[in-house]
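Have a look at the structure below, then the notes.
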Amino acid sequence: MVINNNVQAVTGAYHAPRAAQARRADSPSAPQAGAEVVFSDEAQSFSSMLQELKGMDETRPEKVRMIGEQLAAGTYHPSAKDVAASLLALRY
């Protein structure tokens, strides 16, 4: 078996690019003049829904408890039309 002392040279090749990348990441670039951020339609929709949710009342513990009991007893049967209407109201 031949042992070569060039192992350090080989491992050094792997460390050199990382050091260069770290230096580039440490120096923040200045923002370009006229740069702007454009949010997608989905992001804008999510933002408006989030604002709407923040404005809503907190959960009603009594109603949650009541529906939980109905689910456990197998007696909770919501109207399919009401569920669909609620989903459509949230989406649009």
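Numbering (the working numbering), first residue to last: 545 to 636.
In this text, a Cβ means the ideal position worked out from N, Cα and C, and glycines have one as well.
Check: The alpha helix (DSSP H) with Glu602 in it runs from where to where?; Outcome: Where Glu602 is concerned, there is no enclosing alpha helix (DSSP H), given that its DSSP letter is neither H nor E.
Check: For Pro605, count neighbouring Cβ atoms within 10 angstroms of its own Cβ and tell me buried if that reaches 16, exposed if not.; Outcome: exposed
Check: Would a C-beta distance cut-off of 9 Å place Phe583 and Ser592 closer than the cut-off?; Outcome: no
Check: Rounded to whole angstroms, what is the Cα-Cα separation between Glu613 and Gly578?; Outcome: 58 Å
Check: Could you say which of Lys625, Met610, Gln588 and Glu580 lies nearest to Thr619 if we only look at CA atoms?; Outcome: Met610
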